[in-house]
Structure formats: C-alpha cells, structure tokens
Amino acid sequence: MSTDTTGATIDTDQLAKDERRERIKRAWSRLSQSTLSLVGFAMIGLLFIIAIFAPVIAPYPEDAAGAIDFSRASQAPSLEHPMGTDTEGRDILSRVIFGTRIALLMGFVVLSIAISIGVTLGLIAGYMGGKTNAVIMRITDIFLAIPPTLLALAVIAATRPSLWYAMIAIAASWWTWYARLIQGEVLSIKENEFIEASRSLGAGWFHITFREILPNAIGPITVKATLDMGFVILVGAGLAFLGLGAQEPTADWGLMIATGRAHVRTYWWIATFPGLAISFAVLGFNLVGDGLRDVLDVEVE
Amino acid sequence: MSNPLLEVKDLHVEFDTYDGTAQVINGIDLIVERGETVAIVGESGCGKSVTVKTILGLLPEADISQGEILYKGENLLELSDAKRHARRGKEMSMIMQNPMSAINPVFTVGEQMLDVLKWQGQHRVGITDWVRDKFRSEAELRERAIDMLEQVDISAPERVFESYPVELSGGMRQRVLIAIALLLEPDFLIADEPGTALDVTTEANILELLDDIVEEHDTSVLYITHDLGVAREISDQLNVMYAGEIVETAPTETLFEDPQHPYTRGLLESIPQLSRGIGAGIPGKLPDYTDPPTGCRFADRCPHAETECREVVPHLRRTEPEHAAACHLFEGDPHLDRHQDAVTEFPYIGPPPWQADTDETEVDVR
Amino acid sequence: MSQPLHTDRFEYAPGDQIQDEIAVFDDKDPLLRVENLSKHFPIYEGIIKRQVAAVRAVDDVSFTVPRGQTFGLVGESGSGKTTLGRSILRITDPTHGTVEVDGTDVTSLSGGALKKQRKDMQMVFQDPSSSLNPRKTIKQIIETPMKIHDIGSAGERAQRVEELLEMVDLPREFMYKYPSSLSGGQKQRVGIARAVAVNPKLVVLDEPTSALDVSVQARVIEILNDLQKRFDLTYIFISHDLSLIKNVSDRIGVLYLGRFVETGDVDSVFQDPQHPYTRALLSAIPTVTDEDRQYKPPELTLEGEIPDPREKPTGCAFRSRCPEAFEPCAEEEPAMYQTDSTRCSRCYLHDEAYQDTGGSDDQ
Chain D
1 MSTDTTGATI
11 DTDQLAKDER
21 RERIKRAWSR
31 LSQSTLSLVG
41 FAMIGLLFII
51 AIFAPVIAPY
61 PEDAAGAIDF
71 SRASQAPSLE
81 HPMGTDTEGR
91 DILSRVIFGT
101 RIALLMGFVV
111 LSIAISIGVT
121 LGLIAGYMGG
131 KTNAVIMRIT
141 DIFLAIPPTL
151 LALAVIAATR
161 PSLWYAMIAI
171 AASWWTWYAR
181 LIQGEVLSIK
191 ENEFIEASRS
201 LGAGWFHITF
211 REILPNAIGP
221 ITVKATLDMG
231 FVILVGAGLA
241 FLGLGAQEPT
251 ADWGLMIATG
261 RAHVRTYWWI
271 ATFPGLAISF
281 AVLGFNLVGD
291 GLRDVLDVEV
301 E
Chain B
1 MSNPLLEVKD
11 LHVEFDTYDG
21 TAQVINGIDL
31 IVERGETVAI
41 VGESGCGKSV
51 TVKTILGLLP
61 EADISQGEIL
71 YKGENLLELS
81 DAKRHARRGK
91 EMSMIMQNPM
101 SAINPVFTVG
111 EQMLDVLKWQ
121 GQHRVGITDW
131 VRDKFRSEAE
141 LRERAIDMLE
151 QVDISAPERV
161 FESYPVELSG
171 GMRQRVLIAI
181 ALLLEPDFLI
191 ADEPGTALDV
201 TTEANILELL
211 DDIVEEHDTS
221 VLYITHDLGV
231 AREISDQLNV
241 MYAGEIVETA
251 PTETLFEDPQ
261 HPYTRGLLES
271 IPQLSRGIGA
281 GIPGKLPDYT
291 DPPTGCRFAD
301 RCPHAETECR
311 EVVPHLRRTE
321 PEHAAACHLF
331 EGDPHLDRHQ
341 DAVTEFPYIG
351 PPPWQADTDE
361 TEVDVR
Chain R
1 MSQPLHTDRF
11 EYAPGDQIQD
21 EIAVFDDKDP
31 LLRVENLSKH
41 FPIYEGIIKR
51 QVAAVRAVDD
61 VSFTVPRGQT
71 FGLVGESGSG
81 KTTLGRSILR
91 ITDPTHGTVE
101 VDGTDVTSLS
111 GGALKKQRKD
121 MQMVFQDPSS
131 SLNPRKTIKQ
141 IIETPMKIHD
151 IGSAGERAQR
161 VEELLEMVDL
171 PREFMYKYPS
181 SLSGGQKQRV
191 GIARAVAVNP
201 KLVVLDEPTS
211 ALDVSVQARV
221 IEILNDLQKR
231 FDLTYIFISH
241 DLSLIKNVSD
251 RIGVLYLGRF
261 VETGDVDSVF
271 QDPQHPYTRA
281 LLSAIPTVTD
291 EDRQYKPPEL
301 TLEGEIPDPR
311 EKPTGCAFRS
321 RCPEAFEPCA
331 EEEPAMYQTD
341 STRCSRCYLH
351 DEAYQDTGGS
361 DDQ
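Chains as they are written, first to last, in full-length UniProt numbering: chain D, 1 to 301; chain B, 1 to 366; chain R, 1 to 363.
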C-alpha cells in the first residue's frame, strides 16, 4: 500500500522532528509573553549555574566546608568579602553559593519521593474507586492532619538530626498533597470517552492508568512540583533553623540564619544574606510555576 | 424598510489570541424589521454567536473595531454600560442554547422570575431599595410570572413556579427560559439555537410555541441556528453566514427556491434527506481567522472557485430584487450602499454552472 | 415507491402477534444475534444501600444483523440506545440475555477470552474531542489497539497507521500531531481509523456525526460506507437523526424507554411507519426540501416528553404521550405484531380484536 519501508521511516522521522520543533516553538512563544515567568526562568537558571559551578565561583571554597579562621571573624561586607564573614571567620558569599546545592538537592529529593508515592497512590485510588479509594484517601487524610514539622520532629527524635532524615521527614508528609491532587484529576479525566474507548479496545487497568490517564495529569503535577520546590526549600530551611536538619559545618541557608540569629543587631549580614538567598529561590520557582500553569492550561485546551 | 427595529452596519469584531488578531466578524450588515423573524444560519465557528452577543454587549473582551449597531435608531455601541444594561431584558433579551446550564440551579424558577421582574434593567440596587423590597407585596409580580408560565404552555404553572430547575425536564426548562426572556415583554428577542439540545419531538413543540408567542406579542426575533431545516420553519428572512461574513441573504422562501451562493448550496446538499441520499458535503475547513484569505473566504472550499475569487473580495450583490449573494458567479448592483463604487470593478466568472448545465436545479422547488 | 407514501389516516394492517421479534428476521447466519438483552441499573435507597428497584434502561431486546449490513438504532435521549450499544460490546455488562458475534457468545466470556474477543467488536464514539486522548499523537492513538493486542512490530504498526490514515483520507503529516490541532471531522476520522485498526467484524457507531457540522458529516459517512464495503463490516448505527438513519441503514429499530416499538426494513418503515411513535418522530423532522415534506406523515404532535425511565407508565410505555391510546394500552404492554413480512410494531392497533375500536380520531 505504502511506499518502500526505509524511505517512509526516514520521512516520518523528519515529520516527528518538525512537529516537535513546532510545538516547542509555540510553547516558548506563549511563555515569552509573560515577562515575569521569563524573569523566574532566569532566576532558576542562575541558581542551577551557581550550584553546578559552586567550587569555581566561590571565592573561598574551603570556607564552605567549614574552615575556621577567627582572625577574620564577623567582618562587615567589603570588597574582599562582599557578604561579610560570620562569627567563625567564614566567607558568607562562598557559603551562600554552596548553600544553593543543598537547597536544590533538598527540593529534588523530597519531591521525587513525594511525587512517586503520591502519584501512584492517587492514580490507584482515583481509578479503582470504591473501597480502595476510601482506604487510600483516609490514610492520606491522617498524614495530612499531622503538621510536617511535628512529623519531622518525630522522625528525628527516633533517629538523629541530619539533612537526609530531614528530607525523608518532609517527604513523608508532602506526598499527601500529590495523592489528593492526582486522585481529583483522575476522577475528572476518567469521565472522558477516551478512557471508555481504551477499555473497549481491551486495555487493562495498568495501561489505562499509566498510559492514558497519567499523561493527562503531567501538567498539574509539573506546575505543583515547580511551586513546591520553593516551599520545600523554605520548610527545609525552617527545620535546619530549628536544628533538625543539616548540621554544622554544612553550608545550609537555614542553618546559617540560625547561627546569625543571635547577632542580628550587631552583625546583620550573617543572617540577612542567606535569608535573601531563600527568598530569591522561592520567588524564582513561584514565578516559573505560574508561567507554566498558563502554558500547560492552554496546551490542554 | 425605512425604520427597522435593529440595524447592524458593517460590524467588525476582533479578538486577541496567542497567534495574533483573529478577525472573527468581518463586516456584517443585518436588518431586523418590526415583527419579523430573521435567521442567521451557519456552522460552528462561523461567528453567529459572536454576532448576537456583540449586539447584546455580552463580550467585554471583544474588540469592536468598526461598525454600528442601531437599535430603534440609536447606536448601542456609543451608549454607556449602564444604559446598555438597562435595555437588556426590557428592550431586548436572549434565549440561551443549553437549557440545562442557562438557569441557576440553586434558586427556584419563581425566585429567578421575580428577580427579573424586580431588578432587571437597574444598574445597581441601593440598600434602601432592597429593604423596601422586603416589605413589598409580591402577589402582583407573582401573578405576572405565573401568567407568563401559562403562556408558554406549562400545564401546572404554580407547581413549576415553586420548582428548582433540576426537577424539570429539558423541554420544560427551555419553556421556562422562554418565559423568563419574555417576562418584561421585550420588543426584540435573540434566540440562540433554543431547540438544539432537545429531542426532535420536543424541539418541534418549542418551535411552534415560540412562533405563536412571537406572533401574539409582536416581538421581533433574531434566530441563530446551524440547521437550515429549522430556519426554514421559523424565519421570514434568512442570512447565511460563513467565516464571519454574510454570504447570502433573502426572504426564506426565495432562498430555498433558488439558493445561490455555493456555500448555501453545499450546505443544503450535505443535509441528509428522507427522499434522497446524503450529498457530498463540503471539503476542507474554516479558514484561519488570524490569517484569513485575501479574496473570498470560501474560495478554498468552493468547487467553482477561479483565481479571481482568491484575489478580489466578492461583496454582496443584488441578484434579484430581494436576493443578494456574495459570489463572483453572479452579477448585480451592490447590495450595500458602502460598496457602491467597488462592485463595478468586480470580475464576473458566471453564469453559475448549475444554471448553465441544466434548467433543473438540484434543490427542488416546492 | 409505487404506492402513495402516506395515507391521511392511520391504517394499520392486522398482524400476527409474535412472541419474539427475532422471528421476523431469522437470518440464516447473522453476524450479530442479540437475544432478550436487558440492562437494568439498580436504584439504592437508605443508609444500608438496599436495592429498592431497577431502571430498565434496555429491556428484553432481540434482533439480528446479517454480515456486512447496517442496523440503525433510533430513539430520543433516554431511550436506551447508547446503553444497548454498550451492552452489546460489553463495555457495560448486560443484566440478562445473550449477544452472539459471529457465532461466539460474548456474554459468557471473561478475562483473556473477552480481551481477545474485543478485537472483533469496536466502537466509534460520539464526541471526538473527548474520545481521543489529548496527550497522545495521532499515531499513538491509532496504534493503541494494535499494541494492546500485541500485533506486529513497531515498524509494521507504523506502516499500518499510514495505511489507515489513507483509508480515512487524512494526510500522513497528521501522524505526529495532537488531537487539539485537528478539526472535529478530522478527529472523528482518527476515531474511525482506531476502530478499524485491528480488523473488527462488528463496529458500533454511537452518534458518530452528531457533534459535527453537516458539511463535514457527509464525508465521514462516505468514509464509513467505503470501509464497510471494503472490509465487509457490520455496523450498528446509533442516532437520533431520522434522516441520517434513513440513509445509512438497511434495517432499523425504534427504541422507546428501552423497548423496541417498531423494527423492520428501513424503506418500509419510513414509507409507511406503523407505530404512532415512529410517525410522531417522522413528522417532527425539520426538512429543507418539499419532497421531504411529502415523506412526513400527517402532523402528529406528542404531548410532553419521554418519561423518566424510573417512572415508566404501566402497560404500553408510550401510552402517556400517544394520541391513539385507548383502553387496553393501560392494562398490559402490547406484544410485537408482525404487520407484514418486513417489519413489526408494538401496538394494540394491529390486533384484530381491536380493529373496530382502535384508531379513533382523538385521544
């Protein structure tokens, strides 16, 4: 019926490429109409570059690892130390730069765990419905009812304070939001005729949930995950501030604020610059999240 | 002819989209005489809903770049929002397409009707008015509402008056919608496919009812539909709309006797009929509104299109005394005054092949 | 066409009462044989969810369809036509009755055997915007049934998708597009390509064109006709549009509240409808030509609307709206009467016992 196979495949590959390029172009043109989300993208891009090249950018990389030099303690911002030094003589700029790594790591690890648990449970609950749904959603409600900080306290009380336990503790409460989000999405996606269509084609539940439903929920998941990046960083900093997260001498923004807290009146720069870094990251992710929401909404129509 | 109730002149409506400016309505002219039912027929996306919503002023995001909407001689587009608001309901009202979603489900039919009677046309309701209203007797208004429900052939108006919309069937809700639209006895009624969401037997009843009521109240109606069969039964004057333009206009009977524009003919051919098979349909799809063709907007789908059609816009021309078509297959004086100078330069590619080949037209007479 | 289309008055031919409408069309080797099919939806009440009643959405329906033919199912909303279509395909499981597709009893299958059987019976859905997954490319959508039934290698499947696109008259360039960039008619053609991708024998078309414009509808119908001829497909065409059904079907069944009220060869039913409901439906169609007006029976307006299926009238379900209703209608539901060799109708007016009383002018 058709032309020779090889010719056709090369041709269709080209078609696929053209279509993809076209779609990326359209998505970009929509995104670029919002100045704020472009600013957000620039901010996040900057964060990633800083995180990746931290050892190169930081003027005193050894300070981030905790090199102490009391002779330089508590110096005000200067050309040599643009953000000043802390009470132990470490360059704050270098520590803020390395803190970016911790913050992003925190966000990625927590959200990866939370999304994989939450999305799977949400998909199953929404698709199966009935008793399965009731059981999963009640468990979710129970986890939701516990404040994340309290849960973290419990986890850390059972173990010991560390960055990794803090991440597990946050993820343990964070997945509930994804379970709820996805369950709701599934309930509405399920109403579409294409679900019934694939059932009539003979598709099983695995195909329907992961191949048909999940791709339609990727939009909301992406938007929420982007917005959540900022909040996870915020909560992680909060735990570190309480001494429940990263421990000295790790260059963690929350921890740096905690150590600078006692000296805010005298050495304001110790707590201020890490604080600004947190605000910068949260704002960046929020702007991108909002921008993505607009783009993805339009795509789905 | 001299003093029509509604006259739309050279209306252009544009929307801003991601892909640029969409010229959704491209120079429309309409006349609705007093007591007359005028139909706009077109397929989805042709701009018929946008046209009527623009007349009512229900599209705040639309950019009306050009044109006039004269209602009783007054240009609606120049009125303030408050003044336009005051005219809605009292002067002109609309029956929506979907009776399931056009009534608020949390209020009873009666509450919604009383609200219309009390507040319609008031731009804002002051506290004193509102308080005074609480002490006013509703008996008289209630009587008016129930009387109106009776007029739309609802057999138990008192019961329906107390009902919530969910308790009513689709046909009953459509009757209620008609009753609400006619409550303040508007002179001008816009009906947006009021039968489409209903079953055929119910639709037939609704159309008949609308016909009777309109006659009784001497209301002028602008009726929009995608169904030529429905338009034939209900209207006096018919406008066929394609891609934001009116391509043919004539008294309904005349148009069915001698459909002229290739789009109208294609549409008629496509309708499945009892007496013969389904026609070929019209290949292709609506043009992109953000990048419309320079010449005739139908040219790409037209079986008779020549190169001239893609270059020169075919303005409406009077092919017979009361019949106008926007197509180069026909000769005639410009139908609209504003095209007086333009048409003389138009190419003529006729006569239409269906007239040349055979005397018998495919779509029969009587 | 030799005799006049409609007489001015109702004239019902006396007929034999038959127990089972299937007797009329006892085809030798039908592709589809539906016997006494029912679908009841339970109504629960109270906190303990006790079943108090059932909605008989489809009630004891029987018919056969010969291979390569089209059976038209007509009815208004709430008539049960969609539920009937879905029960035949076992998208919903019927409550009673049997469905045989090409000799296989579909109602008794389960698990792997049912999945295998699904290859032979496909569906085209009403709303093409909702029946195609917006997150998949056209190629992925058309490929899905082949993947599910594990047919062919990736390359063969891609080749097949190209063939299918050609069959439904869509350009190859559409393979990597998403449904949102297609028009309604194009989307529906993708839906059709998906349905015929695995060479089914039976296709249920659930109002395949009611979401489309008429100018587009014609082309979709043409494609369906081509495919039917080419692959000897058997169709069940569900629609509320009588003019359309007239043009696409070989036989039709008119459904009212889950029951056939009239069934027979399409030409005889349309030329001289026997049941008052069929007549009412025909007379309500808006027409564009005068020839069509002749087709319509004398004006017959129905009172009210189709009743809530939960509150079905006793006796004949149609009697609450029937202009011809008389005493026996309230007592017991009429049987199917065979009015001639090609059709039957469920109305007491065909019973010889009521020939004198029936057909009175009013009420």
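Glycine included, each C-beta is placed from N, C-alpha and C at the ideal position.
Note that this is a predicted model, so its numbers are computed, not measured.
- Closer than 7 Å to the CB of Phe237 of chain R there is not a single CB belonging to chain D.
- Within the stretch 182–212 of chain D, the residues whose Cβ lies closer than 7 Å to some Cβ of chain R are Asn192, Glu193, Phe194, Glu196, Ala197, Ser198, Arg199, Ser200, Leu201, Gly202, Ala203, His207, Glu212, listed in chain order.
- The stretch 166–204 of chain B is shown to contain whole alpha helix (DSSP H) runs of 4 or more residues at 170–182, in chain order.
- The criterion of a C-beta distance shorter than 7 Å is not satisfied by Ala325 of chain B and Glu216 of chain B.
- Under the DSSP definition of a beta bridge, Thr64 of chain R partners with R:Arg33.
- The beta carbon of Lys81 of chain R does not come within 7 Å of any beta carbon belonging to chain D, so the residue lies off that interface.
- Only residues of its own chain outside the window of five on either side were considered, and among them Leu73, Gly75, Ile238, Leu255 have a CB closer than 6 Å to the CB of Lys81 of chain R, listed in chain order.
- Residues of chain R with a Cβ closer than 8 Å to the Cβ of Leu292 of chain D do not exist; the shortest Cβ-Cβ separation is about 16 Å.
- Identification of residues in the stretch 169–191 of chain B having a C-beta nearer than 8 Å to some C-beta of chain R yields Ser169, Gly170, Gly171, Met172, given in sequence order.
- At a cut-off of 7 Å between beta carbons, Leu132 of chain R contacts chain D.
- Within chain R, the residues placing a beta-carbon under 8 Å from that of Asn216 of chain D are Asn133, Pro134, Arg135, ordered along the chain.
- At a cut-off of 7 Å between beta-carbon atoms, Ala114 of chain D makes no contact with chain R.
- Residue pairing for Ile28 of chain B: DSSP places it in a beta bridge opposite B:Leu11.
- Proximity of the stretch 260–278 of chain B to the stretch 293–302 of chain B meets the contact definition, three or more beta-carbon pairs being nearer than 8 Å.
- The C-alpha of Ser181 of chain R lies about 20 Å from the C-alpha of Ala197 of chain D.
- Contact between Pro161 of chain D and Gly245 of chain D holds: CB atoms are separated by about 7 Å, below the 8 Å threshold.
- Put simply, of R:Lys116, R:Gly185, R:Ser87, R:Val58 the residue whose alpha carbon is nearest the alpha carbon of Thr107 of chain R is R:Ser87.
- When DSSP assignments are scanned along the stretch 172–221 of chain R, the uninterrupted stretches of alpha helix (DSSP H) that are 4 or more residues long and fall wholly within it turn out to be 184–196.
- Annotation: the continuous alpha helix (DSSP H) that includes Tyr295 of chain R extends over 290–295.
- By the Cβ rule, the stretch 179–196 of chain D counts as touching the stretch 209–217 of chain D, because three or more pairs are nearer than 8 Å.
- Proximity of chain B to Asn247 of chain R at the Cβ level (cut-off 9 Å) is accounted for by Pro272, Gln273, Leu274, Arg276, Gly277, Ile278, in chain order.
- Just measuring C-alpha positions, the residue of D:Pro55, D:Ala158, D:Trp175, D:Leu31 sitting nearest Phe143 of chain D is D:Trp175.
- No Cβ-Cβ contact shorter than 7 Å links Asp341 of chain B with Arg318 of chain B.
- The continuous beta strand (DSSP E) containing Leu222 of chain B extends over residues 220–225.
- Sequence-distant partners of Tyr18 of chain B (beyond 5 residues in either direction) whose C-beta falls short of 6 Å from its own C-beta are missing from its chain.
- Of the candidates D:Val288, D:Leu123, D:Leu283, D:Met83, D:Leu123 places its Cα closest to the Cα of His207 of chain D.
- Residue pairing by DSSP places Ser80 of chain B opposite no residue, since no beta bridge is assigned to it.
- Interface annotation, Lys296 of chain R: not in contact with chain D, CB-CB separation never under 7 Å.
- Of all residues in the stretch 272–301 of chain R, those with a C-beta nearer than 7 Å to a C-beta of chain B are Ala280, Leu281, Ala284, Ile285, Pro286, Thr287, Val288, Thr289, Asp290, Glu291, Asp292, Tyr295, Thr301, reading in chain order.
- Exposure of Thr314 of chain R is indicated by the presence of fewer than 16 other C-beta atoms within 10 angstroms of its C-beta.
- In the three-state DSSP reduction, Gln260 of chain B falls in the coil class, being neither helix nor strand.
- Judged by their CB atoms, Met100 of chain B and Pro186 of chain B are not nearer to each other than the 7 Å cut-off.
- With a beta-carbon spacing of about 18 Å, Ser116 of chain D and Leu151 of chain D fall beyond the 8 Å limit used to define contacts.
- The alpha helix (DSSP H) runs of length 4 or more contained entirely in the stretch 223–311 of chain B are, from start to end of the chain, 228–234, 252–257, 262–270, 307–311.
- When only Cα atoms are considered, Gln183 of chain D and Tyr127 of chain D end up about 8 Å apart.
- The Cβ of Tyr176 of chain R sits closer than 7 Å to at least one Cβ of chain D.
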